[in-house]
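S.K.: A single structure is presented below for examination.
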Amino acid sequence: MRIGVIAIQGNVEEHVNAIQRALDRACRRAEVIKIKHKGLVPTCDALILPGGESTTLGRLMGKEGISEEIRKVAQAGVPIMGTCAGLVLLAKRGDEQVKKTGQSLLSLMDITVNRNAFGRQKESFECLIDFKGLESPFNAVFIRAPSITGFGKDVEVLSEYNGVIIAAREKNMIALAFHPELTDDPRIHDYFLSFF
Ligand code: GLN
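Using my numbering, the first residue of the sequence shown is number 162, and each one after it goes up by one.
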């Protein structure tokens, strides 16, 4: 079994460590690899799309040919977790900001994304959120986080904060506005492991 973390930019190391911890906890063995180039995505059984800057990430992934590979494996049912900028990239539709930048999205989840939804004053913050399936609140770290403003019928909302959707699942894909890899709480990476 092999798990790939897209390593073009952003919180790569943190995700590698977090998924490794989740694997250890579950007594499961898998190779965790960092993906910078074309050719590796099709060899993975699951993928993580970290946070970073979605415009840059989208551009570089497209140029490298990784975006096309991700689209193919996603449609074949390979589990994918996108956090923050990763959520933006997974979305099919974007707000004005996304339209203005003309950034390329992977267009895989039937969600509409609002980039930088939490505004200037609250560019970064932490708070306890309820997350579907978790028995107690999760300490979520938000860094210039997006939100989900619309979703299709196959999308399951997993978490809301002040009435704003911050996590959702569609079949094999999960999108999170916050950064579970930046806390010691492994429960969301554990949840992702349950996909495969
Ligand atoms: N605001 C960033 C973007 O839209 C995402 C921030 C993050 O990933 N921490 O690309």
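Where a beta carbon is used, it is the ideal one built from N, C-alpha and C, also for glycine.
Please find out if some non-hydrogen atom of the ligand GLN comes closer than 7 Å to the beta-carbon of residue 325.
M.R.: As a position in the sequence shown, residue 325 is number 164, starting the count at 1. Not so, every heavy atom of the ligand GLN lies at least 7 Å from the Cβ.
S.K.: Residues in its own chain within less than 6 Å of residue 236 by CB, not counting five upstream and five downstream?
M.R.: For the purposes of this step, residue 236 is identified with residue 75 of the sequence shown, where counting begins at 1. There are no such residues.
S.K.: Residues bridged to residue 207 by DSSP?
M.R.: The sequence position of residue 207 within the sequence shown is 46, counting from 1. Paired residue(s): 164.
S.K.: Which one of 315, 337 and 355 has the shortest CA to CA distance from residue 212?
M.R.: Residue numbering aside, residue 212 sits at position 51 when the sequence shown is read from its first letter. Closest option to residue 212, Cα to Cα, is 337.
S.K.: At a cut-off of 7 Å, would you count residue 255 as near the ligand GLN, judging by its Cβ distance to the nearest heavy atom?
M.R.: Locating residue 255 in the sequence shown gives position 94, where the first residue counts as 1. Result no, Cβ not under 7 Å from the ligand GLN.
S.K.: Helix, strand or coil for residue 312, going by three-state DSSP, please let me know.
M.R.: Here residue 312 refers to the residue found at position 151 when the sequence shown is read from its first residue. Reduced to three states, the DSSP call for residue 312 is strand.
S.K.: Nearest-angstrom Cα distance between residue 331 and residue 273?
M.R.: The count along the sequence shown starts at 1 and reaches residue 331 at position 170. The count along the sequence shown starts at 1 and reaches residue 273 at position 112. Roughly 13 Å between the two C-alpha positions.
S.K.: Please confirm if the stretch 255-274 is in contact with the stretch 292-302, defined as three or more CB-CB distances below 8 Å between the two stretches.
M.R.: Short answer: they don't touch.
S.K.: Determine the burial state of residue 162: buried for a count of at least 16 other Cβ atoms within 10 Å of its Cβ, exposed for fewer.
M.R.: Residue 162 sits at position 1 when you count from the first residue of the sequence shown. Flag for residue 162 reads exposed.
S.K.: Can you confirm whether the stretch 302-319 touches the stretch 174-192 when touching is taken to mean that 3 or more C-beta pairs between the two stretches lie within less than 8 Å?
M.R.: No, they do not touch.
S.K.: With distances taken Cα to Cα, identify the nearest neighbour of residue 321 among 290, 350 and 304.
M.R.: Here the question's residue 321 lines up with position 160 in the sequence shown. Checked all of 290, 350 and 304; the closest Cα to residue 321 is 290.
S.K.: By Cβ distance below 6 Å, which residues in the same chain neighbour residue 176 in space, the five residues on each side in sequence not counted?
M.R.: Here residue 176 corresponds to residue number 15 of the sequence shown, with the count starting at 1. Closer than 6 Å at the Cβ level, and outside the excluded window around residue 176, lie 166, 209, 211 and 342.
S.K.: Is the stretch 249-268 touching the stretch 279-289 in the sense that three or more CB pairs, one from each, lie closer than 8 Å?
M.R.: Counting Cβ pairs under 8 Å, fewer than three are found: no touch.
S.K.: What three-state label does DSSP hand residue 175 in the structure shown?
M.R.: In the sequence shown, counting from the first residue as 1, residue 175 sits at position 14. Here residue 175 sits in helix by DSSP.
S.K.: Within 10 angstroms of the Cβ of residue 228, are there 16 or more other Cβ atoms? Answer buried if so, exposed if not.
M.R.: As a working mapping, residue 228 is identified with position 67 in the sequence shown. The residue in question, residue 228, is buried, as its Cβ has 16 or more Cβ neighbours within 10 Å.
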